[in-house]
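S.K.:
Numbering (our numbering), first residue to last: 64 to 181.
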């Protein structure tokens, strides 16, 4: 079975990019694909508690993130340097993610057949 890594690097609101990525993730997971996520850069804000999309007129993504475990999307990583650069800590995040150092990301990516995102 192919392994997919989706890189989440966009802020949570302001465009439909995150919603489109989540649609792809759920579609792949619904067809029993092995899907993992890596949050980095502005994408770490997707994990922050208390997000609201009302002011941007986009769908709420919090419920979708909460449902990832139901689709067996359990391997979630966050780049530690991105968290530090944004002034965030693991305790502020809504999902149980595994921290990974920037220098270790290439090794992580080498374990996947397909890498999506940007």
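Note that beta-carbon positions come from the ideal geometry of N, C-alpha and C, so glycine has one too.
Note that the structure is predicted; figures quoted are calculated from it, not measured.
What residue range does the beta strand (DSSP E) around residue 71 cover?
M.R.: Where residue 71 is concerned, the enclosing beta strand (DSSP E) stretches over 66–71.
S.K.: If you run the structure through DSSP and keep just helix, strand and coil, what is residue 141?
M.R.: In the structure shown, residue 141 sits in a strand (DSSP, three-state: E or B).
S.K.: Could you tell me the boundaries of the alpha helix (DSSP H) in which residue 87 lies?
M.R.: 80–93 is the extent of the alpha helix (DSSP H) around residue 87.
S.K.: CB-CB under 7 Å to residue 106, same chain, minus the five flanking residues each way: which ones, in chain order?
M.R.: Closer than 7 Å at the Cβ level, and outside the excluded window around residue 106, lie 71, 72, 73.
S.K.: Among 99, 91, 128, which has the Cα closest to the Cα of residue 109?
M.R.: Checking every option, the nearest Cα to that of residue 109 belongs to 128.
S.K.: For residue 74, list the residues DSSP reports as bridge partners.
M.R.: Answer is none; residue 74 lacks a bridge partner.
S.K.: From which residue to which residue does the alpha helix (DSSP H) around residue 128 run?
M.R.: Start and end: 125–130.
S.K.: Tell me whether residue 152 is buried or exposed, calling it buried when 16 or more other Cβ atoms sit within 10 Å of its Cβ.
M.R.: Counting Cβ neighbours within 10 Å, residue 152 comes out exposed, since fewer than 16 surround it.
S.K.: How is the alpha helix (DSSP H) around residue 171 delimited, first residue to last?
M.R.: That run of the alpha helix (DSSP H) goes 168–172.
S.K.: Determine which residues share a DSSP beta bridge with residue 152 and list them.
M.R.: Looking at the DSSP assignment, residue 152 forms no beta bridge with any residue, so it has no partner.
S.K.: Once you ignore the five residues that flank residue 179 on each side, which residues in its own chain have a CB closer than 6 Å to its CB?
M.R.: Here the set comprises 69.
S.K.: Looking only at its own chain, which residues have a Cβ that is under 6 Å from the Cβ of residue 138, when we skip the five neighbours before and after it?
M.R.: Only 99 meet the Cβ criterion.
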